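Student: My questions all concern the structure below.
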Amino acid sequence: MTLNYSAPLDEMRFTLKDVFDAPTFWKNTPSLSHMDTDTVDMILDEMAKFSRDVLLPLNQSGDDESAKYLGDGKVSTPSGFQDAFKQYSDMGWIGLGGDPDFGGQGMPKMVTILTEEMMFSTNQAFALYPNLTVGATLCLLANGSDEQKALYLPKLYSGEWSGTMCLTEAHAGTDLGIIKTRATPNDDGSYAITGTKIFITGGEHDLTDNIVHLVLAKTPNAPAGSKGISLFIVPKFLVNDDGTLGERNGVAAGSIEHKMGIKASATCVMNFDNAKGYMVGAENTGLATMFVMMNYERVTMGLQGLGASVLAYQNAAAYAKDRLQGRHDDGIKNTDKAADPIIGFGDVRRMLLNAKTNSVASRTFAMYVARELDIAKFSDDAQAKSAAAAKVALLTPIAKAFLTDMAFNATIDCQQVFGGHGYIKEWGMEQIVRDTRISQIYEGTNGIQALDLLGRKVVKNNAVAIFALIDEINEACQDIDHAIKDATISAAKRVKSLTEQLLDTAKTDAHAINASAVDYLHAVGYLCYAYMYVLIVRACQGKPGEFYEERLKLAEYFIQRILPKLYAHADMAQAGSSSIMAFEDEFFA
Numbered sequence: 202m203t204l205n206y207s208a209p210l211d212e213m214r215f216t217l218k219d220v221f222d223a224p225t226f227w228k229n230t231p232s233l234s235h236m237d238t239d240t241v242d243m244i245l246d247e248m249a250k251f252s253r254d255v256l257l258p259l260n261q262s263g264d265d266e267s268a269k270y271l272g273d274g275k276v277s278t279p280s281g282f283q284d285a286f287k288q289y290s291d292m293g294w295i296g297l298g299g300d301p302d303f304g305g306q307g308m309p310k311m312v313t314i315l316t317e318e319m320m321f322s323t324n325q326a327f328a329l330y331p332n333l334t335v336g337a338t339l340c341l342l343a344n345g346s347d348e349q350k351a352l353y354l355p356k357l358y359s360g361e362w363s364g365t366m367c368l369t370e371a372h373a374g375t376d377l378g379i380i381k382t383r384a385t386p387n388d389d390g391s392y393a394i395t396g397t398k399i400f401i402t403g404g405e406h407d408l409t410d411n412i413v414h415l416v417l418a419k420t421p422n423a424p425a426g427s428k429g430i431s432l433f434i435v436p437k438f439l440v441n442d443d444g445t446l447g448e449r450n451g452v453a454a455g456s457i458e459h460k461m462g463i464k465a466s467a468t469c470v471m472n473f474d475n476a477k478g479y480m481v482g483a484e485n486t487g488l489a490t491m492f493v494m495m496n497y498e499r500v501t502m503g504l505q506g507l508g509a510s511v512l513a514y515q516n517a518a519a520y521a522k523d524r525l526q527g528r529h530d531d532g533i534k535n536t537d538k539a540a541d542p543i544i545g546f547g548d549v550r551r552m553l554l555n556a557k558t559n560s561v562a563s564r565t566f567a568m569y570v571a572r573e574l575d576i577a578k579f580s581d582d583a584q585a586k587s588a589a590a591a592k593v594a595l596l597t598p599i600a601k602a603f604l605t606d607m608a609f610n611a612t613i614d615c616q617q618v619f620g621g622h623g624y625i626k627e628w629g630m631e632q633i634v635r636d637t638r639i640s641q642i643y644e645g646t647n648g649i650q651a652l653d654l655l656g657r658k659v660v661k662n663n664a665v666a667i668f669a670l671i672d673e674i675n676e677a678c679q680d681i682d683h684a685i686k687d688a689t690i691s692a693a694k695r696v697k698s699l700t701e702q703l704l705d706t707a708k709t710d711a712h713a714i715n716a717s718a719v720d721y722l723h724a725v726g727y728l729c730y731a732y733m734y735v736l737i738v739r740a741c742q743g744k745p746g747e748f749y750e751e752r753l754k755l756a757e758y759f760i761q762r763i764l765p766k767l768y769a770h771a772d773m774a775q776a777g778s779s780s781i782m783a784f785e786d787e788f789f790a
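Per our numbering, residue 202 is the first one in the sequence shown, and the count goes up by one each step.
What follows is the structure in structure tokens.
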């Protein structure tokens, strides 16, 4: 009853090469002209093997054993994690997308999202350790001084050290402006960091020699609220000028959380007691500085959901082919057996197709966002870089929230395929559900992502970015001959009219944005998925073969069984806040 996984390499390569024509994009981008498909194919093949052979076998055992707090600030990871992390580091995976000037390999995001998907498919808890490290490197690369980059990045890329981000406090989650952690200047230019952070992924463990914490804190006389937050490097062990480790710093884990899922990932309470820290970037710009890392993590959480849904689907599909129950509606199939496989029943197929259709759209959308990230990073055209960055800002909350919402629904559907067996631990499906649930909560809850989309990216932007995306979608529909064309144009028209209505409502209804945000995000999310199927259909048309025919069938299923949800969410978003705000606080008891 062990979970099985086979990386969907054919689907990944189709998305990369056929849908987005990455080779041409790389060839036309001087900073990426060295890229070649043979190298990328080798990278994908190697990660497929590593994920299947090393990470997957540790998934259920890691959940059983979990990370453990040993006392005295020490935390252990489950059996096999140390060896797996060493293999992962030695193979250069952490630095795959890193800056070559500091030991990274410089691979574009369009490649690394695929390796990350495979990791999250096979071991969500393990994947969090290196992914937080990658996020820390991005933050330091964008905002660190030359000395900080030289001192920390090579060790982080190599996997000798790991990274965290320390934001949340017991009283300050979404509202980071009220954090209490303090940074007092020392005579040597460093700062003494004092406070307690909670929910710190990988805050303490036994995988690396050092842990580099990126910590939000307030300096004396800092402005109130989020404008008074600064960012600091606080290493577990102080680092000498030559890169060797010095004395232990004043930071330690006080405990670890006992969680619903991702139990092998050490989620720590971190105590900072006059720990020596070093400011990153300018004073009082810490939140903006940290958001380089936060936005990376938000896109990564979408990949966590995608990876989980792929694993759930593969195992549910295999089970449905083997499980014999009842007789098919159109007649007996197994005349020599007492029952037929449940794969022949419409409701089982509905659940499997929901998961499959969404995972294909999710991967395509993740690749779309990754391409924009690569344009923003690697293009030598200033206008193109700026436009891509603006589009990424719009799409990030969708990539985080919509992908994880759809993925969690998919894991539940796939668990349901197993019936009662899906609820039993030994089959592994309930772990996928438990592990995936956190993706909707951390790195900014999905409700907060929706507020960011509607409030900041749409209303405050006067809908410029979303209308530009809708224009892009309509233009893409013009050169295809498939039912997805008219379906997507109609969906785009509905989202545009909804957006116009919400722009007006927000002027007079103080609660409109908060009340409508989640439904608005889902409406836009379904539109984005329709757009992805437009791109998929365009890549498949005129090409013979079962693989391409299956993509066209998935597009038909999406039109009939999934896209209609857009209109329901649009209607709910347009309903406004009156029915929500009609109750007094005392009602909620």
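Each residue gets a CB set at the ideal place from its N, CA and C atoms; glycine is no exception.
Only a predicted model underlies this, so the values are computations on that prediction, with no experimental measurement involved.
For the putative contact between LEU512 and ILE633, defined by C-beta atoms under 8 Å, what is the C-beta separation to the nearest angstrom?
Tutor: Residue 512 sits at position 311 when you count from the first residue of the sequence shown. Residue 633 sits at position 432 when you count from the first residue of the sequence shown. Indeed they touch by this definition, with Cβ atoms about 6 Å apart.
Student: Which runs of the alpha helix (DSSP H) at least 4 residues long sit entirely within the region 336-413? Give them in chain order.
Tutor: As far as the region 336-413 is concerned, its whole alpha helix (DSSP H) runs of at least 4 residues are 347-359.
Student: Just curious, the beta strand (DSSP E) that ILE434 is in, first and last residue?
Tutor: As a position in the sequence shown, residue 434 is number 233, starting the count at 1. First-last of the beta strand (DSSP E) with ILE434: 431-436.
Student: Residues in the same chain with beta-carbon distance under 7 Å from ASN675, minus the five sequence neighbours each way, listed in chain order, please.
Tutor: As a first step, residue 675 must be located in the sequence shown, where it is residue number 474. Correct list, in chain order: ILE690 and ALA693.
Student: Tell me whether ARG449 is buried or exposed, calling it buried when 16 or more other Cβ atoms sit within 10 Å of its Cβ.
Tutor: Position 248 of the sequence shown, counting from 1, holds the residue named residue 449. So ARG449 counts as exposed.
Student: In whole angstroms, give me the CA-to-CA distance for THR612 and THR486.
Tutor: Translated into positions along the sequence shown, residue 612 becomes position 411. Translated into positions along the sequence shown, residue 486 becomes position 285. Cα-Cα distance, rounded: 39 Å.
Student: State the beta-bridge partners of PHE303 as determined by DSSP.
Tutor: Counting from 1 along the sequence shown, the entry for residue 303 is found at position 102. DSSP lists no partner for PHE303.
Student: What is the residue span of the beta strand (DSSP E) that VAL481 lies within?
Tutor: The residue given as residue 481 occupies position 280 in the sequence shown. 468-481 is the span of the beta strand (DSSP E), which, as asked, contains VAL481.
Student: Quick check: what's the CA-CA separation for THR385 versus GLY478?
Tutor: On the sequence shown, residue 385 is found 184 positions in, with the first residue counted as 1. On the sequence shown, residue 478 is found 277 positions in, with the first residue counted as 1. Taking the straight line joining both Cα atoms gives about 9 Å.
Student: Measuring only the C-alpha atoms, how far is ALA285 from ALA740?
Tutor: Your numbering for residue 285 matches position 84 in the sequence shown. Your numbering for residue 740 matches position 539 in the sequence shown. In a straight line, the C-alpha of ALA285 is about 38 Å away from that of ALA740.
Student: HIS459: buried (16+ other C-beta within 10 angstroms of its C-beta) or exposed?
Tutor: Sequence index remark: in the sequence shown, residue 459 carries index 258 (1-based). That one is exposed.
Student: Check whether the region 507-525 touches the region 596-615, counting contact only when three or more Cβ pairs, one atom from each stretch, lie closer than 8 Å.
Tutor: They touch, by the three-pair rule.
Student: Are ASP382 and ALA423 touching if we call contact CB-CB under 7 Å?
Tutor: Here residue 382 refers to the residue found at position 181 of the sequence shown. Here residue 423 refers to the residue found at position 222 of the sequence shown. A small correction: the amino acid at residue 382 is Thr; Asp does not occupy that position in the sequence shown. Against a cut-off of 7 Å, the Cβ pair of ALA423 and THR382 comes out as no contact.
Student: Inspect the beta-carbon positions of ALA589 and ALA577 and report whether they are closer than 7 Å.
Tutor: As a working note, residue 589 is residue 388 in the sequence shown. As a working note, residue 577 is residue 376 in the sequence shown. Yes.
Student: Expressed to the nearest angstrom, what Euclidean distance is found between the alpha-carbon atoms of THR709 and VAL276?
Tutor: Residue numbering aside, residue 709 sits at position 508 when the sequence shown is read from its first letter. Residue numbering aside, residue 276 sits at position 75 when the sequence shown is read from its first letter. Those two C-alpha atoms are separated by around 52 Å.
Student: What residue ranges within the region 215-255 form continuous alpha helix (DSSP H) runs of no fewer than 4 residues, ordered along the chain?
Tutor: Listed in chain order, they are 223-228 and 238-251.
Student: What number of angstroms, rounded off, separates the C-alpha of ILE394 from the C-alpha of GLN261?
Tutor: Taking the sequence shown and counting its residues from 1, the one referred to as residue 394 is at position 193. Taking the sequence shown and counting its residues from 1, the one referred to as residue 261 is at position 60. Whole-angstrom Cα-Cα distance: 38 Å.
Student: Pull the bridge partners of PRO542 from the DSSP assignment, please.
Tutor: Locating residue 542 in the sequence shown gives position 341, where the first residue counts as 1. Paired residues: LEU525.
Student: Would you check if the distance between the CB atom of ALA467 and the CB atom of HIS406 is smaller than 7 Å?
Tutor: On the sequence shown, position 266 is the one that residue 467 refers to. On the sequence shown, position 205 is the one that residue 406 refers to. It is a contact, given that the beta carbons lie within the stated cut-off.
Student: With a floor of 3 residues, list each beta strand (DSSP E) that falls wholly inside the region 728-780, ordered by position along the chain.
Tutor: Taking only runs of at least 3 residues, no beta strand (DSSP E) segment lies wholly in the region 728-780.
Student: Residues bridged to VAL416 by DSSP?
Tutor: Taking the first residue of the sequence shown as 1, we reach residue 416 at position 215. VAL416 pairs with CYS367 and PHE433.
Student: Please report how far the alpha carbon of SER772 lies from the alpha carbon of LEU722, in whole angstroms.
Tutor: For the purposes of this step, residue 772 is identified with residue 571 of the sequence shown, where counting begins at 1. For the purposes of this step, residue 722 is identified with residue 521 of the sequence shown, where counting begins at 1. According to the sequence provided, residue 772 is Asp. The question's Ser does not apply to it. Each residue's alpha carbon lies about 13 Å from the other.
Student: Using 10 angstroms around the beta-carbon of LEU553, count the other beta-carbons present and answer buried if the total reaches 16, otherwise exposed.
Tutor: By 1-based counting over the sequence shown, the position of residue 553 is 352. LEU553 should be labelled buried.
Student: To the nearest angstrom, report how far apart LEU574 and GLY532 are at their CA atoms.
Tutor: Locating residue 574 in the sequence shown gives position 373, counting from the first residue. Locating residue 532 in the sequence shown gives position 331, counting from the first residue. So the alpha carbons of these two residues sit roughly 52 Å apart.
Student: Put ILE463 into one of helix, strand or coil per three-state DSSP.
Tutor: By 1-based counting over the sequence shown, the position of residue 463 is 262. Here ILE463 sits in coil by DSSP.
Student: Count the other C-beta atoms from every protein chain shown that fall within 10 angstroms of the C-beta of MET202, then say buried if there are 16 or more, exposed otherwise.
Tutor: Against the sequence shown, residue 202 aligns to sequence position 1. Looking at its Cβ environment, which holds fewer than 16 other Cβ atoms inside 10 Å, MET202 is exposed.
Student: Whole angstroms is fine: what's the gap from THR420's alpha carbon to MET480's?
Tutor: Sequence index remark: in the sequence shown, residue 420 carries index 219 (1-based). Sequence index remark: in the sequence shown, residue 480 carries index 279 (1-based). Approximately 10 Å, taken between the alpha carbons.
Student: Helix or strand or just coil, what does DSSP make of PHE625?
Tutor: Residue numbering aside, residue 625 sits at position 424 when the sequence shown is read from its first letter. The displayed chain sequence assigns Ile, not Phe, to residue 625. Coil, per DSSP.
Student: Scan the region 590-652 and note each continuous alpha helix (DSSP H) run of 4 residues or more that stays entirely inside, going in chain order.
Tutor: Counting whole runs of 4 or more residues, the region 590-652 contains the alpha helix (DSSP H) stretches 630-638 and 647-652.
Student: Look up GLU448 in the DSSP assignment and say whether it is helix, strand or coil.
Tutor: One-based indexing of the sequence shown puts residue 448 at position 247. If DSSP states are grouped into helix, strand and coil, GLU448 belongs with the strands.
Student: So, is PRO231 buried or exposed, given that buried needs 16 or more other C-beta atoms within 10 angstroms?
Tutor: In the sequence shown, the residue the question calls residue 231 occupies position 30. Its Cβ having fewer than 16 others within 10 Å, PRO231 is exposed.
Student: I want to see whether chain B comes within less than 7 Å of LEU329, judged by CB atoms only; does it?
Tutor: Checking the listed chains, one finds no chain B in this structure; it contains a single protein chain.
Student: Taking buried to mean at least 16 other C-beta atoms within 10 Å of its own C-beta, is HIS372 buried or exposed?
Tutor: In the sequence shown, residue 372 corresponds to position 171, counting from 1. HIS372 is exposed by the Cβ-count criterion.
Student: Should the region 323-330 be called in touch with the region 252-268, which here means at least 3 C-beta pairs below 8 Å?
Tutor: Contact between the region 323-330 and the region 252-268 is present, because at least three Cβ pairs lie under 8 Å.
Student: Kindly confirm or deny that the region 240-255 and the region 754-773 touch, where touching means at least three C-beta pairs closer than 8 Å.
Tutor: No contact exists between the region 240-255 and the region 754-773.
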